[in-house]
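Numbering of the sequence shown is given in the numbering used here, commencing with residue 1231 and proceeding in unit increments.
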Amino acid sequence: MAETALGTLSRRTRFVARQGARVAWFAAHGEALRRLQKRIRQEQPSPPPNITPSKPVPSQRELIGHIIELFRRDLANVEAGIYPLPRGEFGSPAEFLALSRKFFQDAPKVARRRYAGGHQEIFEETRESPSGLPRYYRQNFHFQSGGWLTEESARLYDFQVEVLFTGATAAMRRQALVPFSEMVRAKDQRRLAYADIACGTGGLLLPALEAFPRLKGTGVDLSAAYMSEARDRATASVKRRASFAAAPAEQLPFADESLDVLSTVYLFHELPPKVRRQAAKEFARVLKPGGRLIFVDSLKTGETPAFDGLLELFPQLFHEPYFTSYLEEDLDGMFEGEGLRLQSFETAFFSRVAAYEKA
Ligand SMILES: C[S@@+](CC[C@H](N)C(=O)[O-])C[C@H]1O[C@@H](n2cnc3c(N)ncnc32)[C@H](O)[C@@H]1O
């Protein structure tokens, strides 16, 4: 049945109200965070010098323009039936407020690590007891408390990332559902074998299982705490179709040519170059011929030239030891070398969304 004009208006109003409030909320947190960081920086006996990027950085107005464009596409995708109207992923208003409090309790610790040069606490803590986790992984990425290893970190991670990207992160991830839906629409969902690698707290796995209600999926990650958070956040219907496995991206727990769809979001910039190549090889090994890799990660230099200065600053402001090498990585060439050919590519605010097909 054709939708009435009132139905369309009501959906658009809900979308704009929810996403507008979300952007305003996280923008306010970003502003408060900048003030707090400034104060903590001034308290340091020898604060690190201010960094000036060699390339231009976008103004606040330009950034907002890109965010509006992203949400415009997001709504168009909803209206095209690619995925449902997004639900908030932070629970009830009371839970949302509790997270905000926790965020501000933790933020001074993150800022002190940043200005006093602390990003190896996790390595020091796990030095004596063999954790089985690779050395490169045992760091306080983004200076975050607990690195990837604690429940507290898992609870705060998405909130912290949304503050960084002014509430637009979930919408950037959702753009992965566009090439994903092309694959799913062409086949019987129930017969597709799907895994999200480095699933974290379920940032893509959960929306994908919501968008494709007969699909089953396995989240793979090295962090038990993050996967447990993902399980807790899943609705009953998604929980029945989701499973989880603790494993590294560079040694996946799947048989050769056993998966139809693989996705990975914001992993590759966290990996050392050698491990990136091992992971690409693993992806090619486990995908069936004709299978697809849906890849979302940070933009690389030149993909949105206006953001190049910010990309240059990023690894210096946050602990991102492998980001600079990621910016130079020929990702398409690397996947092509493993037999994964580029099918589609789009930018989405600070992300690149690409799909590769195994020959
Ligand atoms: C930046 S987070 C992204 C999480 C999630 N995909 C998202 O969209 O929010 C990176 C995730 O990668 C995981 N990770 C890092 N290195 C990994 C590796 N070698 N194998 C599997 N997971 C890894 C971390 O535990 C963390 O959950």
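Even for Gly, the Cβ is constructed at its ideal location relative to N, Cα and C.
The structure displayed is predicted, hence computed values, not measured ones.
As a quick exercise: from the options, pick the residue whose alpha carbon is nearest that of residue i.
i, options, result
"Phe1474", "Ser1467, Glu1459 and Glu1487", "Glu1459"
"Gly1567", "Ala1585, Ser1581, Glu1550 and Lys1511", "Lys1511"
"Arg1571", "Phe1580, Glu1587 and Ser1284", "Glu1587"
"Met1457", "Asp1426, Gln1546 and Pro1338", "Asp1426"
"Ala1578", "Gly1250, Thr1396 and Met1402", "Met1402"
"Arg1421", "Phe1442, Ala1589 and Gly1430", "Phe1442"
"Pro1409", "Arg1241, Thr1380, Gln1546 and Ser1574", "Ser1574"
"Ser1411", "Glu1480, Val1491 and Thr1238", "Val1491"
"Ala1509", "Gln1546, Glu1480, Asn1307 and Ser1240", "Glu1480"
"Asn1280", "Gln1267, Pro1323 and Pro1288", "Gln1267"
"Gly1532", "Asp1336, Phe1580 and Gly1563", "Phe1580"
"Leu1394", "Arg1522, Ala1455 and Leu1540", "Leu1540"
"Glu1261", "Leu1236, Ala1454 and Glu1392", "Glu1392"
"Leu1523", "Glu1381, Gly1237, Thr1534 and Met1413", "Met1413"
Note the first and the last residue of the continuous beta strand (DSSP E) segment covering residue i.
i, result
"Glu1576", "Leu1570 to Ala1578"
"Glu1587", "Ser1581 to Lys1588"
"Lys1518", "Leu1517 to Ser1528"
"Leu1492", "Leu1489 to Val1495"
7 Å is my cut-off, CB to CB: does residue i come that close to chain C?
i, result
"Arg1291", "Given the protein chain composition of this structure (a single chain), no chain C is represented."
Do residue i and residue j have their C-beta atoms closer together than 7 Å?
i, j, result
"His1259", "Phe1373", "no"
"Tyr1424", "Leu1452", "no"
"Asp1305", "Phe1245", "Here residue 1305 is Leu; the residue named in the question, Asp, does not match the sequence. Against a cut-off of 7 Å, the Cβ pair of Phe1245 and Leu1305 comes out as a contact."
"Phe1313", "Leu1434", "Before going further, note that residue 1313 is Tyr rather than Phe in the sequence given. Not a contact, by the Cβ cut-off of 7 Å."
"Arg1461", "Leu1439", "no"
"Tyr1345", "Gln1419", "no"
"Val1450", "Ala1477", "yes"
"Val1253", "Thr1396", "yes"
"Pro1283", "Glu1559", "no"
"Leu1517", "Val1468", "no"
"Ala1400", "Ile1297", "no"
"Pro1590", "Arg1271", "The structure shown does not extend to residue 1590, since the chain spans only 1231 to 1589, so no value can be given for it."
"Ser1555", "Pro1503", "yes"
"Val1308", "Leu1315", "yes"
"Thr1356", "Arg1368", "yes"
"Lys1339", "Asp1538", "no"
"Ser1289", "Asp1336", "no"
"Gly1569", "Ala1485", "no"
"Gly1432", "Arg1463", "yes"
Could you spell out the range, first to last residue, of the alpha helix (DSSP H) harbouring residue i?
i, result
"Phe1603", "In the structure as shown, the chain begins at 1231 and stops at 1589. Residue 1603 is therefore absent and cannot be evaluated."
"Ser1473", "Taken as a continuous stretch (DSSP letters only), Ser1473 belongs to no alpha helix (DSSP H), being part of the beta strand (DSSP E) at Ala1472 to Ala1476."
"Glu1566", "Leu1561 to Gly1567"
"Val1287", "Val1287 -> no alpha helix (DSSP H), and no H or E assigned at all."
"Thr1399", "Thr1399 to Arg1404"
"Tyr1345", "Pro1323 to Ala1346"
"Tyr1552", "No alpha helix (DSSP H) holds Tyr1552; DSSP gives it neither H nor E."
"His1259", "Ala1235 to Glu1273"
"Leu1407", "Leu1407 to Arg1415"
"Leu1386", "Glu1381 to Leu1394"
Decide if the stretch 1523-1535 is in contact with the stretch 1486-1498; the criterion is three or more beta carbon pairs, one per stretch, under 8 Å apart. Three or more beta-carbon pairs drawn from the stretch 1523-1535 and the stretch 1486-1498 are found closer than 8 Å, and the two stretches are therefore classed as touching.
Inspect the CB distances between the stretch 1380-1389 and the stretch 1327-1344 and report whether three or more fall short of 8 Å. Put simply, the stretch 1380-1389 touches the stretch 1327-1344. At least three CB pairs are less than 8 Å apart.
Give, in chain order, every unbroken run of the alpha helix (DSSP H) that is at least 4 residues long and sits entirely within the stretch 1417-1458. Segments of the alpha helix (DSSP H) lying fully in the stretch 1417-1458: 1435-1441.
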